[in-house]
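Chemist:
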Amino acid sequence: MPEELPVAVQNNNLFGYIKKPKSHKAVFITALFFLLIIFFLAGWAVGASRSFSNAGVPGQVNPGQVLNTDSLPDYLTKDVNFKLFWKVWDIIREKYIDKDKITNAQLFYGALSGSVAALNDPYSVFLTPADSEEFNEELSGRFEGIGAEIGMKNDRLTVISPLPDSPAAKAGVRALDKIIAIDGKETTGISLDVAVKSIRGERGSTVVLTIAREGENEFKDISIVRDQIKVESVLWEMKNNNIAYIRLTNFNNDTADSFRQKVNEVLTKSPKGIILDLRNNPGGFLDTAIELAGYWVANGQVVVKEEFNDPELNQDYSSHGQGLLKDYPIVVLVNQASASASEILAGALQDYGLAKTVGMQTFGKGSVQELEKLNDGSSIKITVARWLTPQGRYIDQNGIAPDIEVDLTKEDYDNNRDPQLDKALEILNQ
Numbered sequence: 000m001p002e003e004l005p006v007a008v009q010n011n012n013l014f015g016y017i018k019k020p021k022s023h024k025a026v027f028i029t030a031l032f033f034l035l036i037i038f039f040l041a042g043w044a045v046g047a048s049r050s051f052s053n054a055g056v057p058g059q060v061n062p063g064q065v066l067n068t069d070s071l072p073d074y075l076t077k078d079v080n081f082k083l084f085w086k087v088w089d090i091i092r093e094k095y096i097d098k099d100k101i102t103n104a105q106l107f108y109g110a111l112s113g114s115v116a117a118l119n120d121p122y123s124v125f126l127t128p129a130d131s132e133e134f135n136e137e138l139s140g141r142f143e144g145i146g147a148e149i150g151m152k153n154d155r156l157t158v159i160s161p162l163p164d165s166p167a168a169k170a171g172v173r174a175l176d177k178i179i180a181i182d183g184k185e186t187t188g189i190s191l192d193v194a195v196k197s198i199r200g201e202r203g204s205t206v207v208l209t210i211a212r213e214g215e216n217e218f219k220d221i222s223i224v225r226d227q228i229k230v231e232s233v234l235w236e237m238k239n240n241n242i243a244y245i246r247l248t249n250f251n252n253d254t255a256d257s258f259r260q261k262v263n264e265v266l267t268k269s270p271k272g273i274i275l276d277l278r279n280n281p282g283g284f285l286d287t288a289i290e291l292a293g294y295w296v297a298n299g300q301v302v303v304k305e306e307f308n309d310p311e312l313n314q315d316y317s318s319h320g321q322g323l324l325k326d327y328p329i330v331v332l333v334n335q336a337s338a339s340a341s342e343i344l345a346g347a348l349q350d351y352g353l354a355k356t357v358g359m360q361t362f363g364k365g366s367v368q369e370l371e372k373l374n375d376g377s378s379i380k381i382t383v384a385r386w387l388t389p390q391g392r393y394i395d396q397n398g399i400a401p402d403i404e405v406d407l408t409k410e411d412y413d414n415n416r417d418p419q420l421d422k423a424l425e426i427l428n429q
């Protein structure tokens with residue numbers, strides 16, 4: 000099974016997956032520079048095609064070429080003049096007013112970032128060497144920042160969830176807050192990677208988020224002092240009537256071990272039932288989701304399906320677990336901020352009838368990002384596939400609908416009420 004990496008742990012589009020193959024693909028041959036320029040041109044062609052959407056040669060299928068000529072064809076949607084790139088490059092180097100402040104490396108990496116941005120996919124990102132280093136730090140589950148996952152919802156920068164006891168949570172940031180501005184700069188049209196860079200920062204520094212919250216008429220400025228963040232991904236406690244409550248905040252690289260330890264502790268209590276809380280969980284490692292599903296889904300049963308642009312590459316991921324918890328009544332809590340790995344786990348348990356799901360329809364993040372590391376320290380994270388539940392339901396854009404819909408309103412939140420948890424307890428106490 001390929002190793003799955005979380006998109007990021009904070010201030011990033013974590014509610015998704017990054018797929019890292021067992022062996023690196025040969026993504027470059029001899030000259031990395033020229034190959035990446037081709038990536039740029041491919042992205043440029045996507046953008047150019049929008050201006051000439053109906054162009055083409057009737058009756059002729061043209062796969063498109065890179066032409067080293069000054070004479071452009073009419074069917075520009077498919078063919079690219081390679082000299083245009085160098086022409087733009089030369090104009091910038093010769094005429095830009097602050098050309099001495101711009102290095103060739105900045106132009107080069109900017110071109111690569113632009114090519115990936117042309118995909119209009121918020122989960123596909125080019126990472127410079129510096130960004131890649133920060134990204135790898137985040138994968139460890141320890142980093143400096145505000146401790147909140149963000150993503151795009153209806154084309155608006157949105158807080159997926161603040162991490163428990165994080166600077167963001169302590170400052171009053173809530174799941175599904177819309178980020179209108181970062182330090183006074185409006186976020187309309189901002190990409191996720193730019194937003195991440197703007198929100199992240201050193202421990203002790205401050206960032207101000209202007210947020211819009213459902214049910215409130217005015218924007219609110221929230222000042223947050225950045226700090227070191229350590230993600231505790233598995234929490235548990237016993238509720239009344241001997242019901243075990245397990246909360247998963249992420250699917251990190253240490254979650255499987257932590258979950259195993261917590262389950263052993265839970266089983267010593269001989270619980271009457273189990274509540275698995277996946278609310279505000281933005282996701283993470285695929286293999287972690289599959290391993291955790293194995294506590295309920297029997298060995299050999301499909302946990303999730305993966306669909307590529309080439310049907311021959313499609314594959315299923317099956318459980319290797321022994322169903323240690325399958326005989327315990329279980330209720331899974333989900334909400335609008337449950338995403339990616341959370342949706343995989345909830346979807347599998349729902350498809351096999353192993354649990355009741357309670358809450359609201361989940362986020363709907365079911366695309367797969369593959370991480371390709373390049374030899375200069377940079378990397379590209381690109382969407383390569385989509386996830387489906389065992390019964391073939393698409394997760395992406397659709398989410399997982401709960402068996403029993405129960406909302407948690409602003410009034411509930413303000414008055415420390417949790418009708419979703421109350422409903423789960425009611426079901427298990429019947």
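Once you know that position 197 of the sequence shown is 196 in numbering that gives the first Met the number 0, the rest is easy, because the numbers rise by one and skip nothing. Yeah, the Cβ is synthetic: ideal placement off N, Cα and C, and Gly gets one too.
#1: What does a CB cutoff of less than 8 Å around ASP182 pick up in its chain, not counting 5 residues either side in sequence?
#2: Just to confirm the assignment, what range does the beta strand (DSSP E) spanning GLY358 have?
#3: Curious, which full-length beta strand (DSSP E) runs of at least 3 residues does the stretch 210-257 contain?
#4: Where DSSP assigns a beta bridge to PHE142, which residues make up the other side?
#5: Leaving out five residues on either side along the sequence, give the residues of the same chain with a beta carbon under 7 Å from the beta carbon of ALA167.
#6: Helix, strand or coil for GLN368 per DSSP?
#7: Mind pulling the beta strand (DSSP E) runs of 3 or more residues that sit fully within the stretch 297-361?
#8: Would you kindly report the start and end of the unbroken beta strand (DSSP E) that includes THR382?
#9: Quick check: the Cα distance between GLN396 and TYR351, rounded to an integer number of angstroms?
#10: For THR157, name the three-state secondary structure that DSSP assigns.
#11: To the nearest angstrom, how far is it from the Cα of ALA400 to the Cα of GLU290?
#12: Considering only the alpha carbon of each residue, which of LEU175, ALA117, MET151 lies closest to THR187?
#13: Count the other CB atoms within 10 Å of the CB of LYS422; is the residue buried (16 or more) or exposed (fewer)?
#14: Once the 5 residues before and after THR127 are set aside, which same chain residues still bring their CB inside 6 Å of it?
#15: Where ASN428 and ASN240 are concerned, what is the direct C-alpha to C-alpha distance, given to the nearest angstrom?
#16: Among the candidates GLU305, SER204, GLU231, ALA336, whose CA atom is the shortest distance from the CA of GLU143?
#17: Pull up the CB-CB distance for PRO270 and ALA292, whole angstroms please, since I reckon it's below 8 Å.
#18: Work out the CA separation of ASN252 and TYR122 for me, nearest whole Å.
Modeler: If we stick to the structure as given:
#1: SER197, VAL206, VAL207
#2: 355-358
#3: Counting only runs that start and end inside the stretch 210-257, the beta strand (DSSP E) elements of at least 3 residues fall at 219-224, 226-229, 233-238, 242-247.
#4: ILE228
#5: ILE145, GLY146, ALA147, PRO161, ILE223
#6: strand
#7: 301-307, 314-317, 329-333, 355-358
#8: 378-387
#9: 22 Å
#10: strand
#11: Near 23 Å, if we compare the C-alpha coordinates of GLU290 and ALA400.
#12: MET151
#13: By the 10 Å Cβ count, LYS422 comes out buried.
#14: TYR108, SER377
#15: Each residue's alpha carbon lies about 8 Å from the other.
#16: SER204
#17: The C-beta distance from PRO270 to ALA292 rounds to 19 Å, too long to meet the 8 Å contact threshold.
#18: 20 Å
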